[in-house]
Amino acid sequence: MNGANDGRSGPPAPLPGDAASPTDGESDTGGLPGPPPAICVLEGNALKTRLTRAVGIHYPFVGAGMAFVSLPPLVIAVSEAGGLGMLGTAPEPPLVLEARLKAIRAGTQRPYGVDFIVDRAEPHGFTSRDHIDTCVAAKVPVVVFHWSLPPLEWIHALKAAGTRVWMQAGTVDVARQALDAGMEGLIAQGRQAGGRNLGSTPTLALVREFRALSSDMLVLAAGGIADGFSAARALHQGADGVWVGTRLIASVEAYAHPLYKQRLVDGDAGDTTLTTLFGPEWPGKRMRVIRNRTVREWAGRESRVPPPGAVPETIGTTRLFPGVLDVQYVMPKFSSFLPTPDTQGDLEEMSLPAGGASMSRIDTVQPAGQIVVEMMERARRLLESPEGLDEEDEDDRG
Ligand SMILES: Cc1cc2nc3c(=O)[nH]c(=O)nc-3n(C[C@H](O)[C@H](O)[C@H](O)COP(=O)(O)O)c2cc1C
2 MNGANDGRSG
12 PPAPLPGDAA
22 SPTDGESDTG
32 GLPGPPPAIC
42 VLEGNALKTR
52 LTRAVGIHYP
62 FVGAGMAFVS
72 LPPLVIAVSE
82 AGGLGMLGTA
92 PEPPLVLEAR
102 LKAIRAGTQR
112 PYGVDFIVDR
122 AEPHGFTSRD
132 HIDTCVAAKV
142 PVVVFHWSLP
152 PLEWIHALKA
162 AGTRVWMQAG
172 TVDVARQALD
182 AGMEGLIAQG
192 RQAGGRNLGS
202 TPTLALVREF
212 RALSSDMLVL
222 AAGGIADGFS
232 AARALHQGAD
242 GVWVGTRLIA
252 SVEAYAHPLY
262 KQRLVDGDAG
272 DTTLTTLFGP
282 EWPGKRMRVI
292 RNRTVREWAG
302 RESRVPPPGA
312 VPETIGTTRL
322 FPGVLDVQYV
332 MPKFSSFLPT
342 PDTQGDLEEM
352 SLPAGGASMS
362 RIDTVQPAGQ
372 IVVEMMERAR
382 RLLESPEGLD
392 EEDEDDRG
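Numbering (the working numbering), first residue to last: 2 to 399.
Below, the structure is given as structure tokens:
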């Protein structure tokens, strides 16, 4: 680990409102025409990209917004280490979000973000205008949406408050819509990404497709980024930053069940699969999960899963909105709620979202700050002589 550049020394990075405008990266060209190169450039002892300059962070590392898992301790740890921590929101009332934002601001002065899942086809979707207003009031530096595009007025309200608005997309079509809607960043969610996943293209190919849409848009790579090599390869091949999920579940600060973390350490590339099996809470949505007993038993029969409520069987208990509302929840069979430290029951029955390509690169549970710094410092060294970084990423066809 490089202590001089571990993100903890020196003054906090500026918050977006302090310095950077959305085009700040471009102003780094010193008045020369054209946008700066999309690939990273090494500046002194830091790994600088258009992302780090735009948001005011030390490393082009963004923690994936993961519902249930990415709570304030993980967000704070990632941001304090020099990355961008990202709060994951489960279906929670705005007052829970407000409490989480307060906790983050008490823990770090550095930039952070909030990730929302939007399902325009779902009338009682998890994310409402009240959630957006909560972010506007808190002047959240970055807000990311996933699944469906949000209503335009949400984007406008956030941008008017100085918030950067990004979209996690698995297809060029959605990426193009995000651009048209005025969003400022794209997270290219490759097919190998863990969790809810709409992509069918491997991560780095998708990065290239998004880059071809717009040369000056921020593009982050999501799916299979879990060590210095995978991060360096993504940066070398045109990503402005990496968006890291599975690796961060196997961190000390992640709010995940210890046995779930251990599964990520023990697991390998072929141990996950895409399935629509889980989710009476939000049915029919494709996820990449660990192939546990229930997934194996139902493989190929997902369409025959009984509709929500039809099966009285339960698989465990958990606690929702921990530390704020503390609601006890009995998990129905096929629940899509992942196991946290509050969950009791058999993990072989539960949804364990993860990416196999990432799992193959995870050896141990570590503090999140150490994950950020080690991954980025290794990437920085590899990028100094980038032989071998041109190769494609592993297309995890599990
Ligand atoms: C446990 C878990 C929960 C996730 N929850 C969310 C979420 O709430 N919102 C979201 O936008 N993406 C979510 N994702 C997907 C991530 O944003 C990201 O696409 C993925 O983790 C990247 O691939 P990787 O896991 O190989 O790093 C989740 C992923 C995992 C593994």
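Where is the CB? At the ideal position from N, CA and C, for every residue including glycine.
Please classify residue i: is it buried, with 16 or more other beta-carbons within 10 angstroms of its beta-carbon, or exposed?
{"i": "S304", "result": "exposed"}
{"i": "H59", "result": "buried"}
{"i": "G225", "result": "buried"}
{"i": "T30", "result": "Because T30 carries a pLDDT of 35, less than 50, the predicted location of this residue cannot be relied on, and no value is offered for it."}
{"i": "P38", "result": "For P38, the pLDDT reaches just 41, beneath the cut-off of 50, and the residue's location in the model is therefore unreliable, leaving the point undetermined."}
{"i": "G35", "result": "Bear in mind that the predicted position of G35 carries a pLDDT of just 43, short of 50, making it unreliable; the figure below should be weighed with that in mind. By the 10 Å Cβ count, G35 comes out exposed."}
{"i": "S22", "result": "Interpretation of S22 is limited by its pLDDT of 37, a score under 50 that renders its predicted location unreliable; the figure taken from the coordinates is listed afterwards. Label assigned to S22: exposed."}
{"i": "P281", "result": "buried"}
{"i": "S28", "result": "Annotation note: pLDDT 37 at S28 (below 50); position unreliable, coordinate value reported separately. Exposed, because fewer than 16 other Cβ atoms sit within 10 Å of the Cβ of S28."}
{"i": "S337", "result": "buried"}
{"i": "V306", "result": "buried"}
{"i": "P259", "result": "exposed"}
{"i": "E81", "result": "buried"}
{"i": "S386", "result": "exposed"}
{"i": "Q263", "result": "exposed"}
{"i": "P112", "result": "buried"}
{"i": "S216", "result": "exposed"}
Sorry if obvious, but does the Cβ on residue i come closer than 7 Å to a heavy atom of ligand 1?
{"i": "T247", "result": "yes"}
{"i": "V296", "result": "no"}
{"i": "H147", "result": "yes"}
{"i": "P354", "result": "yes"}
{"i": "V97", "result": "no"}
{"i": "A68", "result": "yes"}
{"i": "W244", "result": "yes"}
{"i": "A235", "result": "no"}
{"i": "Q190", "result": "yes"}
{"i": "D134", "result": "no"}
{"i": "I118", "result": "yes"}
{"i": "G224", "result": "yes"}
{"i": "R197", "result": "yes"}
{"i": "A179", "result": "no"}
{"i": "Q193", "result": "yes"}
{"i": "G89", "result": "yes"}
{"i": "S359", "result": "yes"}
{"i": "L187", "result": "no"}
{"i": "I363", "result": "no"}
{"i": "A65", "result": "yes"}
{"i": "L219", "result": "no"}
{"i": "L102", "result": "no"}
{"i": "I250", "result": "yes"}
{"i": "L159", "result": "no"}
{"i": "L402", "result": "With the chain covering only 2 through 399, there is no way to say anything about residue 402."}
For residue i, which of the options has the nearest alpha-carbon?
{"i": "R106", "options": "S149, P354 and G86", "result": "G86"}
{"i": "P152", "options": "A179, R165, G171 and F279", "result": "A179"}
{"i": "R362", "options": "V328, G229 and R287", "result": "G229"}
{"i": "S201", "options": "S71, D131, L102 and R289", "result": "R289"}
{"i": "G66", "options": "G195, V220 and K160", "result": "G195"}
{"i": "V141", "options": "P342, L150, P92 and G163", "result": "G163"}
{"i": "A55", "options": "Q110, L102, I133 and V143", "result": "V143"}
{"i": "V400", "options": "K334, A380 and A100", "result": "An answer regarding residue 400 cannot be provided, because it is not within the stretch 2 to 399 covered by the chain."}
{"i": "I133", "options": "E99, T109 and D364", "result": "E99"}
{"i": "K286", "options": "N198, A91 and R381", "result": "N198"}
{"i": "E393", "options": "L88, A91, P203 and I156", "result": "P203"}
{"i": "I156", "options": "A68, F117 and T277", "result": "F117"}
{"i": "L205", "options": "L159, T172 and G183", "result": "T172"}
Would the C-beta of residue i count as close to ligand 3, meaning under 7 Å from any of its heavy atoms?
{"i": "Q169", "result": "Of the ligands one can find in the structure shown, namely ligand 1, none is ligand 3."}
I think residue i touches residue j, with their Cβ atoms under 8 Å apart; what is that distance to the nearest whole Å?
{"i": "L214", "j": "A170", "result": "Actually they do not touch by this definition, with Cβ atoms about 10 Å apart."}
{"i": "V115", "j": "V325", "result": "At roughly 15 Å, the Cβ-Cβ gap does not stay under 8 Å, so V115 and V325 are not in contact."}
{"i": "I250", "j": "V70", "result": "6 Å"}
{"i": "V208", "j": "A189", "result": "5 Å"}
{"i": "G239", "j": "M218", "result": "With a Cβ gap of about 11 Å, G239 and M218 do not count as contacting."}
{"i": "G317", "j": "G346", "result": "2 Å"}
{"i": "Q367", "j": "V253", "result": "7 Å"}
{"i": "W244", "j": "A223", "result": "4 Å"}
{"i": "G400", "j": "T50", "result": "Look at the range of the chain in this structure, 2 to 399, and you will see that residue 400 is not part of it."}
{"i": "A380", "j": "L221", "result": "In fact, because the Cβ distance is near 14 Å, the residues do not count as touching under 8 Å."}
{"i": "A78", "j": "A257", "result": "Contact doesn't hold; Cβ gap of about 14 Å is too wide."}
{"i": "D272", "j": "M360", "result": "6 Å"}
{"i": "V266", "j": "T341", "result": "V266 to T341, Cβ: 17 Å. No contact."}
Going by DSSP, which residues form a beta bridge with residue i?
{"i": "S252", "result": "Q367"}
{"i": "F1", "result": "With the chain running from 2 to 399 in the structure shown, residue 1 is simply not present."}
{"i": "R212", "result": "For R212, which the question treats as bridged, DSSP gives no partner whatsoever."}
{"i": "V245", "result": "G64"}
{"i": "L275", "result": "R289"}
{"i": "T318", "result": "V331 and Q345"}
{"i": "V143", "result": "G114 and R165"}
Would you say residue i faces chain D, with C-beta separation under 8 Å as the test?
{"i": "T295", "result": "Note that chain D does not occur in the displayed structure, where there is just one protein chain."}
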